[in-house]
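Working notes, structure below.
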Amino acid sequence: MSLAIKVPPVGESITEVTLSSWKKKDGDHVEMDEVIAELESDKATFELTAEKAGTLQTVAKEGDTLAIGAVVANIEEGAGAAAPAKESAPVAQPQVVANNAPAPAPVAATPAPAAGGGSLEIKVPTVGESITEVTLSRWIKKDGDAVEMDEAIAELESDKATFELTAEKAGTLKTIAKEGDVLPIGVVVCTIEGVGAAPAAQPAAVHPAVVSATDESPRGGAATTQTGAVTYASGTPSPAAAKILAEKGVDAASVNGTGVDGRITKGDALGAQAPAAKPTAQPAASTPAAAPAAPAGERSEKREKMTSLRKTVAKRLVAVKNETAMLTTFNEVDMQPIMELRGKYKDKFKEKHGVGLGFMSFFTKAVTEALKDWPAVGARIEGEEVVYSNFADISIAVSAPKGLVVPVIRNADSLSLAEIEKAIVVLAGKARENKLTIPEMTGGTFTITNGGVFGSMMSTPILNSPQSAILGMHNIIERPVAVNGQVVIRPMMYLALSYDHRIIDGRESVSFLVRVKQLLEDPARLLLGV
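Just so you know, this note's numbering puts 560 at position 522 of the sequence shown, and the rest follows in order with no gaps.
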């Protein structure tokens, strides 16, 4: 008996992984729960284990990009279980010996499909803890098509990821659900008829001189396998890449693949550009009196379907606006004391700690001190209860290649400025390399976002649910301000604190922001804790 080992769901936004290495080789005996391979996503690396003991038969190769649910390997319980099928194939082709054999001979030797065969129901698989339904976005195979085992037959889409539904046996596809249907987990999507029927050997009916119907002969370098692992030729897109190219209207032949053996990866598809629409040729003017039209620049539009991840983010942001009483209070801070302190000690600081002294560590430290005085700002609502934390896990918004991510600095209230800077460097590096794990991005109690690095002067940041407050930093602008009755030029920054008015009152929010302002304008208080 054979058991297919498939790529498991590994995260909300992850639709494909890369097989980085095999820990066991093809034909090795493996025990249940033994590590057989290492898979790598754009966020983390994890191990694939055997679901039962038996002999490993690899399907995918190292370096292959695999969609969630794709078959990686099979585990055979009994040795030589597949041997009879391979040995029986040559027996059915005695006509190969004689080149002048009559034409009907190969047809008579071809095994006929089993009458009727069995029927196998294909159901919506479990794809995540919180996912209860999916949408059938499109059929890859049509009703009545012949499908092979593990061949992709449909594409399902949840609010977190898109994945492919594969055939569990070879046979004839009978569709039940329609494109666009919303299907609960476990519902029947289609059936495969004629399960167990032996497929007709196509080469025998056309070319009597073919050596074997299983295409296993070493002769004929262009031979392809009828079942088993798919061999991707140069210029073939991965499932995720094919979807992106289809949405963009880009022909795969025009894209240069950078994956294994020239395969088109998801990154290649994202960078591909749709061909510009050529303006319709205008017929020559029949009369010279027609005034020539003023030349206009090329006008074109591009439509891209929202990804499931983007839809989820949109829903959550709208939910924050609809389910919270969000307000924003503003203040400004004179950055000259911090800038003078950095200018005086940044070289010694980097020499001793091996990391630069930035603004974010001062803001993080100021926030953790202010949270001690106003704990409601770091609280959250769960049901009909308000949860207060006696620690400060500060979420820092970081711009990553795939969008904005919010990794968390744990126990920031107990860290020094140097330790905070080191934590920021580590998390920012992981974000840029797409190596952040899910635990590293969840569980914060307060968020800091810096729109000033992009030139923002003022904004109203939106809450990072289930947190109840977020501090927005902005760019530093030299402005004239009054200091001790004198007009002076100072580097000023606007601060914005958005908060949930359901548990944070105006007095608490304003006092919290004023406390942050005081600590930043007199950074010695951060060291003294006053």
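All C-beta atoms in this analysis are idealised placements derived from N, C-alpha and C, irrespective of residue type, glycine included.
Owing to the predicted nature of the structure, the values given are computational and were not obtained by experimental measurement.
Boundaries of the alpha helix (DSSP H) in which residue i is found, first to last residue
i	result
M398	F397 to D411
L566	A562 to L566
G309	K304 to G309
D553	What sits at residue 553 in the sequence shown is Arg, not Asp. R553 -> alpha helix (DSSP H) spans G544 to E559.
A456	L455 to R470
Span of the beta strand (DSSP E), counted from its first residue to its last, around residue i
i	result
Y4	Because the chain is modelled from 39 through 568, residue 4 falls outside the range shown and cannot be assessed.
V110	V109 to E114
R528	Q524 to D538
K161	G156 to K161
N488	F484 to N488
I419	R418 to E420
T173	E171 to W177
T164	No beta strand (DSSP E) holds T164; DSSP gives it neither H nor E.
A291	Segment: none, A291 is in no beta strand (DSSP E) and carries neither H nor E.
I541	Where I541 is concerned, there is no enclosing beta strand (DSSP E), given that its DSSP letter is neither H nor E.
I191	A190 to E195
T83	T83 to T87
Which of helix, strand or coil DSSP assigns to residue i
i	result
M495	coil
S250	Reliability fails at S250, whose pLDDT of 37 lies under 50, so the model's placement of it is uncertain and no value is given.
K99	coil
H245	Note that H245 scores a pLDDT of 41, beneath 50, so its modelled location is shaky and nothing firm can be said.
T53	coil
N513	coil
I432	strand
L41	strand
P222	strand
P149	Because P149 sits at a pLDDT of 40, beneath the cut-off of 50, its placement in the model cannot be relied upon, and the following sentence gives the value as read from the coordinates. The answer is coil: DSSP assigns P149 none of H, G, I, E or B.
T362	coil
A105	strand
E478	helix
V73	strand
S338	coil
R354	helix
S503	coil
G300	helix
V446	strand
E231	strand
S452	helix
P46	coil
A208	coil
P140	Low confidence applies to P140: its pLDDT is 43, below 50, so where it sits in the model is not reliable, and the reading given next is rough at best. Looking at P140 - three-state DSSP - the assignment turns out to be coil, as it is neither helix nor strand.
I508	strand
Reference residue i, options the options, closest by Cα
i	options	result
K349	S196, I178 and I447	S196
A456	A215, M377 and F400	F400
E78	S59, V165 and L465	S59
G92	L86, M39, V464 and G101	M39
A208	L194, T229 and L566	T229
T362	Q311, K281, R540 and V55	R540
T475	E69, T83, I43 and K382	T83
K61	T96, P46, T53 and I52	T96
T87	I43, A562 and D64	I43
E546	R563, P561 and D411	D411
R517	L104, L308, A414 and Q374	Q374
W177	V162, K216, S157 and G156	K216
G156	A105, G232 and I106	G232
A520	R528, N513 and G567	R528
T296	H512, T103 and N513	T103
E69	F550, E114 and V55	E114
N294	R354, A310, I542 and L194	A310
Cβ-Cβ distance between residue i and residue j below 8 Å
i	j	result
L211	I191	yes
A435	M496	no
T366	S503	no
V358	I500	yes
E89	L41	yes
V227	L203	yes
L57	V109	no
T170	I223	yes
D538	M364	yes
G218	T173	yes
M530	D385	no
A469	A438	yes
A205	D183	no
M511	G493	no
G396	E471	no
Residue i: CB within 7 Å of a non-hydrogen atom of the ligand HEM
i	result
E370	In the structure on display, the ligand HEM does not appear, and there are no ligands present to speak of.
Touching by the beta-carbon criterion (3+ pairs, under 8 Å), the region 397 to 407 and the region 468 to 488:
Touching, per the Cβ criterion.
For the region 520 to 530 and the region 384 to 392, state whether three or more C-beta atom pairs, one from each stretch, are separated by less than 8 Å.
Because the criterion of three Cβ pairs below 8 Å is not met, the region 520 to 530 and the region 384 to 392 do not touch.
If you pair each beta-carbon of the region 463 to 482 with each one of the region 419 to 437, do three or more pairs fall below 8 Å?
yes
Are the region 413 to 424 and the region 376 to 390 touching by the rule of at least three beta carbon pairs closer than 8 Å?
Taking a cut-off of 8 Å on C-beta distances, the region 413 to 424 does not touch the region 376 to 390, as fewer than three cross pairs fall below it.
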